[in-house]
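Using the numbering used here, read the sequence shown as starting at 553 and increasing by one per residue.
Glycine is no exception: its CB is placed at the ideal position from the N, C-alpha and C atoms.
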Amino acid sequence: MRSHATIAALIAASCALCGAGTPATSRRATRGELSLAKRFDNAQLTFYSPDAGGGLGACGEIIHNSDFIVALNTPQYQASTPPGGFRSTLCDQSITITVNGKTATAKIMDECPFCPDDGLDLTPALFSFFAPLSSGLVIGSWNLLNVSAN
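What follows is the structure in structure tokens.
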């Protein structure tokens with residue numbers, strides 16, 4: 553069985569070929585100042601098991617495999633973290649995710665260091681809403697709710 557890091561490296565390498573993570577509108581993000589598009593198309597969505605690591609997410613809350621929670625990729629998570637802070641301003645933000653015509657609402661509660669730009673790591677329950685866990689990866693779009701795009 554391959555490690556999460558190995559799989560993530562393979563996924564990241566394939567990003568250049570598939571054009572994943574293309575935002576529908578432009579985005580600019582620098583540490584402490586956030587300006588994000590509201591919609592991200594062709595995003596790579598994988599899953600992880602927060603229960604296996606004790607369940608504490610980067611936002612400081614306990615996460616369970618049965619929750620509809622996502623881990624946001626590190627570039628976007630860190631860009632929305634105030635200087636000297638550890639908790640992103642996007643923590644607790646609701647998003648909608650759409651894959652093959654199915655849509656679900658989830659919350660950003662963790663950080664994904666192995667996800668490509670605009671990619672998300674989903675809890676098993678959320679990923680299973682879209683596809684069997686054996687798929688490992690799906691391509692979809694996601695929208696930030698209640699965050700204004702500049």
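Of all Cβ atoms in chain D, is any one closer than 8 Å to the Cβ of residue i?
| i | result |
| --- | --- |
| G636 | Given the protein chain composition of this structure (a single chain), no chain D is represented. |
Residue i and residue j look like a contact to me (Cβ under 8 Å); what is the Cβ gap, rounded to whole Å?
| i | j | result |
| --- | --- | --- |
| N617 | P634 | Not confirmed; about 30 Å, so no contact. |
| P668 | Q596 | 6 Å |
Have a look at residue i and residue j and give me their C-alpha separation to the nearest angstrom.
| i | j | result |
| --- | --- | --- |
| I647 | F592 | 11 Å |
| A610 | L624 | 10 Å |
| P684 | F599 | 11 Å |
| L674 | M661 | 10 Å |
| G612 | Q645 | 14 Å |
| Y697 | L608 | Looking at the sequence itself, residue 697 is Leu, so the reference to Tyr does not match. Going by the C-alpha atoms only, they are around 24 Å apart. |
| T574 | I614 | Note that T574 scores a pLDDT of 41, beneath 50, so its modelled location is shaky; the value from the coordinates is reported in the next line. Their Cα atoms are separated by approximately 30 Å. |
| F681 | A656 | 8 Å |
| S640 | G688 | 26 Å |
| F679 | K659 | 13 Å |
In the DSSP assignment, find the unbroken beta strand (DSSP E) run with residue i in it and report its ends.
| i | result |
| --- | --- |
| F666 | Note, F666: premise wrong, no beta strand (DSSP E); not H, not E. |
Under DSSP, the alpha helix (DSSP H) around residue i begins and ends at which residues?
| i | result |
| --- | --- |
| A677 | 676-682 |
Fully enclosed by the region 618-649, which beta strand (DSSP E) runs are 3 residues long or longer? 621-625
Decide if the region 647-657 is in contact with the region 602-614; the criterion is three or more beta carbon pairs, one per stretch, under 8 Å apart. Short answer: they don't touch.
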